[in-house]
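Those letters in the sequence shown? Residues 1 to 393, by full-length UniProt numbering.
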Amino acid sequence: MNTMRKQMTLLAVLAALLGLVATGCAAKSEAGTPAQAAASTSADGTAGELSPPSQTPAWYYKDLVDSAFVEQYVKMPRPENVLIIDSRPYKTKHALGYIPTSVSIPDSEFDKRTAELPKNKDALLIFYCEGYACKLSHNSAKKAAALGYTNVKVYAGGYPVWKTEGRYTAIGTPVVEEMMASGKPYLLVDARPFKTKFQQGSIPTAISLPDSDFEARRGQLPADKSIPLVFFCEGFTCKLSNESARKAEKLGYMNIMVYEAGYPAWVEAHGTGSAPMIAASDAGEGTIAVAQFEQTLKDNPGSIVIVDVRDADEFKAGHFKNARNIPVAELEKQLKTMPKDKPVVFVCSTGARSGEAYWMARDVRPDMDKVYFLDATVTYAKDGAYSIKAPKK
């Protein structure tokens, strides 16, 4: 009898010990390692995760922000002293999809590309990568802080969370090429002006839906709100495609992308071999040669009237000296104030909106026989300095 009692007691003790071990394992599993708590992904960011970790991993950067914080800075032109940085690899990640207006500085290349960071050490730097389990953005943020930057943030949710929450994304040339080859439904939308840009050349299969005519011509968009829409314009400094993407978002479209590199990048990769859907009969009409414009600015700037048709925030960030700012959306009602005795030259940052302004002036003020536009990529500085690059033909 005593022997049996001893055996039963021993079994009870063993059962209790096993229970404690199981409980401990469960508790350890719930807390987990930082990587387990965040996701089952590797630190190189090859697979993102949508849920934040239950415990903050030790390798996380100290200052985190959410999607709403990032979204307020997704603007074109980019806000002064703000840079959103994609820390993921370029070819395998960034080129396939990224947060609009962000720049690619992979964490593996950070040390040799610090010259691409703002000179102002108080500038806002927002790093992101492939979700909560990705260390790349945190690594880069720490490196930036070590360089003396004082306003460094990490968007820990990164690209996966941004996309899953339904915000529009940006893509590179390879994705556009893949969509064309796939045979699946999509719509490529050229947001540039029709006469001065689209008619002179566009990406194959694209339709013309100028941003300035979006409301009037939005019926060209598909009834099916799930069909992918890809907006593009005249490159990274052109805001038209981003503006159109936001308008499409408000209409309820659920799969919106912006090809920010736009038509210039397509021409760089494929040339201009494809004819536009409607042949241009007046290519180059109304343009002022870059060399002539620059010479006039140097020798006799008062001999012309420069009208900058960019938005007010762009104009404030930098413009030609003596230029007058009339955003293209407000131009028609102010054309009656334009002089006839001096040449009027419309300018913007890519030649898209300035060309639109030219044709508007021709339609509304046919008596203005000295009106031109600058068809070029222009970079403006706040101190009045500028650089002008003629487009490739």
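A virtual CB, placed ideally from N, CA and C, is assigned to each residue, including glycine.
Alpha carbon to alpha carbon, how far is residue j from residue i? Give it in angstroms, no decimals.
i	j	result
residue 273	residue 110	Caution is warranted here: a pLDDT of 44 is assigned to residue 273, below 50, making its placement in the model unreliable, and the coordinate value is therefore given only provisionally. Roughly 38 Å separates the two Cα atoms.
residue 184	residue 355	34 Å
residue 311	residue 57	43 Å
residue 370	residue 361	10 Å
residue 296	residue 63	50 Å
residue 264	residue 234	6 Å
residue 331	residue 350	18 Å
residue 123	residue 129	20 Å
residue 178	residue 88	21 Å
residue 77	residue 220	27 Å
residue 29	residue 227	Low local confidence applies: a pLDDT of 35 at residue 29 is under 50, so the model's placement there is unreliable, with the coordinate-based value given in what follows. Their Cα atoms are separated by approximately 42 Å.
residue 31	residue 52	With a pLDDT of 34 at residue 31, under the threshold of 50, the predicted position of this residue should be treated as unreliable, and no value is reported.
residue 189	residue 135	36 Å
residue 383	residue 294	17 Å
residue 315	residue 323	9 Å
residue 171	residue 357	29 Å
So residue i and residue j are supposed to be a Cβ contact under 8 Å. How far apart are they, rounded?
i	j	result
residue 261	residue 173	6 Å
residue 229	residue 203	Rounded, the Cβ-Cβ distance is 14 Å, inconsistent with contact.
residue 290	residue 388	5 Å
residue 148	residue 121	5 Å
residue 377	residue 391	7 Å
residue 252	residue 163	Not really, about 17 Å apart at Cβ, beyond 8 Å.
residue 90	residue 138	Rounded, the Cβ-Cβ distance is 19 Å, inconsistent with contact.
residue 254	residue 166	7 Å
residue 85	residue 105	5 Å
Does the separation of the CB atoms of residue i and residue j fall below 8 Å?
i	j	result
residue 236	residue 258	no
residue 161	residue 83	no
residue 305	residue 342	yes
residue 214	residue 239	no
residue 335	residue 309	no
Would you list, in sequence order, the uninterrupted beta strand (DSSP E) runs of no fewer than 3 residues that lie entirely inside the UniProt domain "Rhodanese" (300-389)? Within the UniProt domain "Rhodanese" (300-389), the complete beta strand (DSSP E) segments of 3 residues or longer fall at 305-308, 344-347, 371-373, 377-380, 386-389, listed in chain order.
Does the segment 177-196 come close enough to the segment 101-115 to have 3 or more Cβ pairs within less than 8 Å? no
Please determine if the segment 149-157 and the segment 52-69 are in contact, where contact requires at least 3 C-beta pairs separated by less than 8 Å. yes
Just checking, does the segment 194-201 make contact with the segment 242-252 on the three C-beta pairs under 8 Å criterion? no
Can you check the segment 100-151 for any alpha helix (DSSP H) of at least 4 residues that lies completely inside it and give the ranges in chain order? 136-146
In chain order, which continuous runs of the beta strand (DSSP E) of length 3 or greater are located wholly inside the UniProt domain "Rhodanese" (182-275)? 187-190, 229-232, 256-259
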